[in-house]
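*Asks:* Going left to right, the sequence shown walks through residues 485 to 803 as the numbering used here numbers them. Every residue gets a Cβ at the ideal spot worked out from N, C-alpha and C, and that includes glycine.
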Amino acid sequence: MLKSKPSPFKSSMRRRKTMKKLYFVIAALIVASLVLTACGGGGAASSDAIKVGQVTDLGGIDDKSFNATAYAGAEKAVADFGVEAKYLESTQQSDYNKNIQQFIDEDTDLIVTVGFLLGVDTAVAAKANPETYFAIVDYSYPDCFGTDFVEGQTCGSATELPNVLGLTFATDQAGFLAGYAAAASTQTGKVATFGGINIPPVTIFMIGFEAGVKYYNEQNDANVEVLGWSTAASDGSFTGNFDSLDDGRSFAESFVQEGADIIMPVAGPVGLGSAAYCQETGSCKIIGVDTDWTVSSPEYTDVILTSVMKNMNIAVYDT
485 MLKSKPSPFK
495 SSMRRRKTMK
505 KLYFVIAALI
515 VASLVLTACG
525 GGGAASSDAI
535 KVGQVTDLGG
545 IDDKSFNATA
555 YAGAEKAVAD
565 FGVEAKYLES
575 TQQSDYNKNI
585 QQFIDEDTDL
595 IVTVGFLLGV
605 DTAVAAKANP
615 ETYFAIVDYS
625 YPDCFGTDFV
635 EGQTCGSATE
645 LPNVLGLTFA
655 TDQAGFLAGY
665 AAAASTQTGK
675 VATFGGINIP
685 PVTIFMIGFE
695 AGVKYYNEQN
705 DANVEVLGWS
715 TAASDGSFTG
725 NFDSLDDGRS
735 FAESFVQEGA
745 DIIMPVAGPV
755 GLGSAAYCQE
765 TGSCKIIGVD
775 TDWTVSSPEY
785 TDVILTSVMK
795 NMNIAVYDT
């Protein structure tokens, strides 16, 4: 499988991360020494256990992708350190702030928000609650892309948000390898990619994918075409959501009709609809993202070419 590595943090971010990790490791060892039982498996948890809460993005905790992978890191921390972990699902964007606030009201020690779209709500809550630690997947402050999503709210700066750790990933690197593999494997000379929403954590996969195809062409005097994304135009094909399997099917069908036989959906569970279409028609192969799809969705193993693994579980666990 193709694995991406977390992007390097600035030195100040490294120091904050080290301090936070040290705090939580020491506290976890104290908890372990008292033989406390975590609540994640249904047992009784001590009130002294570190409390970790995850706010999901849209798609649910059982999305077999983004949310599920991130929470797997929290579950491993429950098993290894005896922390107390729970999650709150967001079914619409207005749930982000409510779910974060619920964890704050419950005196949660570390709140993990999963997804770029939670950037503004996370920053606002963190600034108002400096004693609470936050980590956010696919967002890095002060690179605050999301300020335009909520009028009048700003994400602040790294100085203003010392209690937030941004977890970002160099998925363009693994996406590059996926693009090269797709170009080397296509039988039609056309490959495709599409995203859920046009935001940086999605397009970074697509940018790398296109670059990998181009590099294959240069090295092999080939002319494999990429459908669904153009880095030069900074635009491509997007479903506008991360949860409609029907959209995944229709996008895959459209690309196949245009001649593509390998597709990389960067849209969470939407991609499972594409995999189902490829399996039913035998017309295409799929490149999974975020997780190893042969593990998370083994029913589609026969149509999975490879997967771009994001390793969010490791990042959350290390936090």
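1. Taking only the alpha-carbon atoms, compute the straight-line gap between G630 and V598 and give it to the nearest angstrom.
2. Taking C-alpha atoms, which residue in G680, E764, A665 and G743 lies nearest to V754?
3. Measure how close the beta-carbons of V675 and A744 come, nearest whole angstrom, since I'm counting them as under 8 Å.
4. Have a look at C523 and F678 and give me their C-alpha separation to the nearest angstrom.
5. Should G647 and A612 be called a contact, given that it needs their Cβ atoms to be closer than 8 Å?
6. Establish whether the CB of A554 and some CB of chain B are separated by less than 8 Å.
7. Can you name, in chain order, every residue of its own chain whose Cβ lies under 6 Å from the Cβ of A695, other than the five neighbours on each side?
8. So who's on the other strand from T597, going by DSSP bridges?
9. Quick check: the Cα distance between I747 and A665, rounded to an integer number of angstroms?
10. Which complete alpha helix (DSSP H) runs does the region 671-757 hold, if anything under 4 residues is left out?
11. Any idea what DSSP makes of A667, helix, strand or coil?
12. Ordered along the chain, which non-local residues of its own chain (more than five positions away) have a Cβ less than 7 Å from that of F722?
13. Given a threshold of 16 other Cβ atoms within 10 Å of its Cβ, counted over all protein chains shown, does G544 qualify as buried or as exposed?
14. Could you tell me the alpha carbon to alpha carbon distance between G673 and Y700, rounded to whole angstroms?
15. Using only the alpha-carbon positions, how far apart do Y580 and A619 sit?
16. Residues in its own chain within less than 7 Å of L645 by CB, not counting five upstream and five downstream?
17. On the DSSP letters alone, give me the boundaries of the beta strand (DSSP E) that A569 sits inside.
18. I need the straight-line Cα distance from I584 to D591, nearest angstrom please.
19. Given this structure, state the Cα-to-Cα distance separating F689 from Y623, to the nearest angstrom.
20. If I measure Cβ to Cβ from L513 and keep anything under 6 Å in the same chain, skipping five residues before and after, which residues do I get?
21. Determine, using beta carbons only, whether T670 and V710 come nearer to each other than 8 Å.
22. Using a 10 Å radius around the Cβ and a threshold of 16 neighbouring Cβ atoms, would you call K769 buried or exposed?
23. May I ask which residues mark the beginning and end of the alpha helix (DSSP H) holding G772?
24. Could you say which of D786, D774, V773 and T778 lies nearest to E764 if we only look at CA atoms?
25. Among V686, G757 and V596, which one has its Cα closest to the Cα of D719?
*Replies:* In short, the structure shows the following:
1. Taking the sequence shown and counting its residues from 1, one reaches residue 630 at position 146. Taking the sequence shown and counting its residues from 1, one reaches residue 598 at position 114. Since pLDDT at G630 reaches only 45, below the 50 mark, its modelled position is unreliable, and no value is offered.
2. By one-based count along the sequence shown, residue 754 stands at place 270. Answer by Cα proximity: G680.
3. As a position in the sequence shown, residue 675 is number 191, starting the count at 1. As a position in the sequence shown, residue 744 is number 260, starting the count at 1. Right, their Cβ atoms sit about 6 Å apart.
4. Along the sequence shown, one-based indexing puts residue 523 at 39. Along the sequence shown, one-based indexing puts residue 678 at 194. Below a pLDDT of 50, predicted positions are generally treated as unreliable, and C523, at 35, falls in that range; the measurement from the model is reported next regardless. A direct Cα-to-Cα measurement between C523 and F678 gives close to 39 Å.
5. Along the sequence shown, read from residue 1 onward, the residue named residue 647 stands at position 163. Along the sequence shown, read from residue 1 onward, the residue named residue 612 stands at position 128. Strictly speaking, residue 647 in this sequence is Asn, with Gly absent from that position. In this structure, A612 does not lie closer than 8 Å to N647 by Cβ.
6. No chain B is part of this structure, which consists of one protein chain only.
7. Start at 1 with the first residue of the sequence shown, and residue 695 comes out as number 211. Closer than 6 Å at the Cβ level, and outside the excluded window around A695, lie F660.
8. Locating residue 597 in the sequence shown gives position 113, counting from the first residue. The secondary-structure analysis by DSSP pairs T597 across a beta bridge with V539 and I620.
9. Within the sequence shown, numbered from 1, the residue matching residue 747 stands at position 263. Within the sequence shown, numbered from 1, the residue matching residue 665 stands at position 181. Our two residues, I747 and A665, have alpha carbons roughly 12 Å apart in a direct line.
10. Runs found: 684-704 and 729-741.
11. Taking the sequence shown and counting its residues from 1, one reaches residue 667 at position 183. It is helical.
12. Taking the first residue of the sequence shown as 1, we reach residue 722 at position 238. Counting only Cβ-Cβ distances below 7 Å, and skipping sequence neighbours, we find F678, G679, G680, I681 and N682.
13. Here residue 544 refers to the residue found at position 60 of the sequence shown. When all chains shown are included, G544 counts as buried.
14. Numbered from its first residue, the sequence shown carries residue 673 at position 189. Numbered from its first residue, the sequence shown carries residue 700 at position 216. Approximately 12 Å between the Cα atoms of the pair.
15. Numbered from its first residue, the sequence shown carries residue 580 at position 96. Numbered from its first residue, the sequence shown carries residue 619 at position 135. When rounded, the distance between both Cα atoms is 14 Å.
16. Reading the sequence shown from its first residue, position 161 is the one you call residue 645. Cβ neighbours of L645 beyond the five flanking positions: A607, A610, K611 and Y625.
17. The residue you call residue 569 lines up with position 85 of the sequence shown. A569 -> beta strand (DSSP E) spans E568 to L572.
18. What you label residue 584 is simply residue 100 of the sequence shown in a count that begins at 1. What you label residue 591 is simply residue 107 of the sequence shown in a count that begins at 1. CA-to-CA, the gap between I584 and D591 works out to about 11 Å.
19. Taking the sequence shown and counting its residues from 1, the one referred to as residue 689 is at position 205. Taking the sequence shown and counting its residues from 1, the one referred to as residue 623 is at position 139. Rounded to whole angstroms, the separation of the alpha carbons of Y623 and F689 is 15 Å.
20. Locating residue 513 in the sequence shown gives position 29, counting from the first residue. Note on L513: pLDDT 36, under 50, position unreliable in the model; no value is reported.
21. Position 186 of the sequence shown, counting from 1, holds the residue named residue 670. Position 226 of the sequence shown, counting from 1, holds the residue named residue 710. No, the pair does not count as a contact, with Cβ atoms beyond the cut-off.
22. For the purposes of this step, residue 769 is identified with residue 285 of the sequence shown, where counting begins at 1. Here K769 is buried: its Cβ has 16 or more other Cβ atoms, across all protein chains shown, within 10 Å.
23. Within the sequence shown, the letter at position 288 stands for residue 772. Annotation: G772 is outside any alpha helix (DSSP H); the continuous beta strand (DSSP E) that includes it extends over K769 to D774.
24. Along the sequence shown, read from residue 1 onward, the residue named residue 764 stands at position 280. With distances taken between Cα atoms, E764 lies closest to D786.
25. Start at 1 with the first residue of the sequence shown, and residue 719 comes out as number 235. Closest option to D719, Cα to Cα, is V686.
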